[in-house]
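Participant: Sequential numbering of the sequence shown, starting at 0, is according to numbering that gives the first Met the number 0. Can you read through this structure? Questions will come right after.
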Amino acid sequence: MISAIYLAAGKSSRFLGFNKLLRNFKGKKLFLHSLENLQKSIVNKIIFITGNDEKIIKKKIKKFKKIIFVFNKNFDRGISSSILSGIKKLPKKTKYFFIVLADMPHIKSNFYKIMLNQALKFKNKNIFIPIYKKKNGNPILFNYSFKKKLLSIKGDIGAKNIIKKNFTKIKFIQFKDNSILKDYDSKNDFLKKN
0 MISAIYLAAG KSSRFLGFNK LLRNFKGKKL FLHSLENLQK SIVNKIIFIT GNDEKIIKKK
60 IKKFKKIIFV FNKNFDRGIS SSILSGIKKL PKKTKYFFIV LADMPHIKSN FYKIMLNQAL
120 KFKNKNIFIP IYKKKNGNPI LFNYSFKKKL LSIKGDIGAK NIIKKNFTKI KFIQFKDNSI
180 LKDYDSKNDF LKKN
């Protein structure tokens, strides 16, 4: 089973009080682009982490296929709390799991297949990071065996420190476009990246 922890619980602190995921982008709410592409992908289960504006976000979703909702009551403590909420709810049959940011609308469904195919070739690796022109991107794929190490993460920097400490377990996967780098954190991003 392939799972994904879908992070949609944040406060959008750099967006001056408005939840960026609920902003319109190319005809629909920002987060629906990444979610719908994920639903069309090879991923079997989506652990959808809610927090801020949970009820509003749920109402915007038309298809619930593959989704398991998890409310992160500690969402104001940062991204690590959301990742932990998701890891604890991963199905036991999971072999690999992605950590997916809801504010990355340009990640297409085929991305997940490319990443998984590479992971299956390099079974001695546990972390699979997409890169574009030597820059690390997202979503990142993990072997389920790495789950226990991720349970020690803290704060608002996600899994970065754990990844740095396990450099020998990383396989970098080259991509030809910069969609893996495009997230939307501020109003300026919406103006620049459309």
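For each residue, glycine too, the CB sits at the ideal point set by N, CA and C. Predicted, not measured: the structure shown is a model, and the values here were computed from it.
Taking 7 angstroms as the limit between beta carbons, can you name the residues of its chain near residue 180, skipping five residues before and five after?
Facilitator: In the sequence shown, residue 180 corresponds to position 181, counting from 1. Excluding sequence neighbours, residue 180 sits near 131, 134, 136.
Participant: Could you check how far apart the C-beta atoms of residue 95 and residue 142 are, in whole angstroms? I think they sit under 8 angstroms.
Facilitator: Taking the sequence shown and counting its residues from 1, one reaches residue 95 at position 96. Taking the sequence shown and counting its residues from 1, one reaches residue 142 at position 143. Residue 95 to residue 142, Cβ: 6 angstroms. Contact.
Participant: Compute the Euclidean distance between the alpha carbons of residue 103 and residue 20, then round it to the nearest angstrom.
Facilitator: Walking along the sequence shown from the start, residue 103 turns up at place 104. Walking along the sequence shown from the start, residue 20 turns up at place 21. Cα to Cα, residue 103 sits roughly 10 angstroms from residue 20.
Participant: What are the uninterrupted segments assigned as beta strand (DSSP E) that are 3 or more residues long and contained completely in the segment 37-81, given in chain order?
Facilitator: For the segment 37-81, whole beta strand (DSSP E) runs of length 3 or above, ordered along the chain, are 44-49, 66-70.
Participant: Expressed to the nearest angstrom, what Euclidean distance is found between the alpha-carbon atoms of residue 60 and residue 30?
Facilitator: As a first step, residue 60 is located in the sequence shown; it is residue number 61 there, counting from the start. As a first step, residue 30 is located in the sequence shown; it is residue number 31 there, counting from the start. Cα to Cα, residue 60 sits roughly 10 angstroms from residue 30.
Participant: Pick helix, strand or coil for residue 101, following the three-state DSSP scheme.
Facilitator: Here residue 101 refers to the residue found at position 102 when the sequence shown is read from its first residue. Coil, per DSSP.
Participant: Per the DSSP calculation, residue 117 is bridged to which residue(s)?
Facilitator: Counted from its first residue, the sequence shown places residue 117 at position 118. Looking at the DSSP assignment, residue 117 forms no beta bridge with any residue, so it has no partner.
Participant: For a quick check, are the C-beta atoms of residue 41 and residue 115 less than 8 angstroms apart?
Facilitator: Here the question's residue 41 lines up with position 42 in the sequence shown. Here the question's residue 115 lines up with position 116 in the sequence shown. In contact: residue 41 and residue 115 (Cβ atoms closer than 8 angstroms).
Participant: When the Cα atoms are used, what is the spatial distance from residue 71 to residue 58?
Facilitator: Here residue 71 corresponds to residue number 72 of the sequence shown, with the count starting at 1. Here residue 58 corresponds to residue number 59 of the sequence shown, with the count starting at 1. The alpha-carbon atoms of residue 71 and residue 58 are separated by roughly 18 angstroms.
Participant: Could you check what DSSP says for residue 183 in three-state terms: helix, strand or coil?
Facilitator: Counting from 1 along the sequence shown, the entry for residue 183 is found at position 184. DSSP places residue 183 in coil when its eight states are reduced to three.
Participant: Relative to the C-alpha of residue 75, which residue among 175, 50, 158, 101 is closest?
Facilitator: Numbered from its first residue, the sequence shown carries residue 75 at position 76. When only C-alpha atoms are compared, the closest one is 50.
Participant: Tell me, to the nearest whole angstrom, how far the beta carbon of residue 128 is from that of residue 169; I am working on the premise that it is less than 8 angstroms.
Facilitator: Here the question's residue 128 lines up with position 129 in the sequence shown. Here the question's residue 169 lines up with position 170 in the sequence shown. Correct: roughly 6 angstroms between the Cβ atoms.
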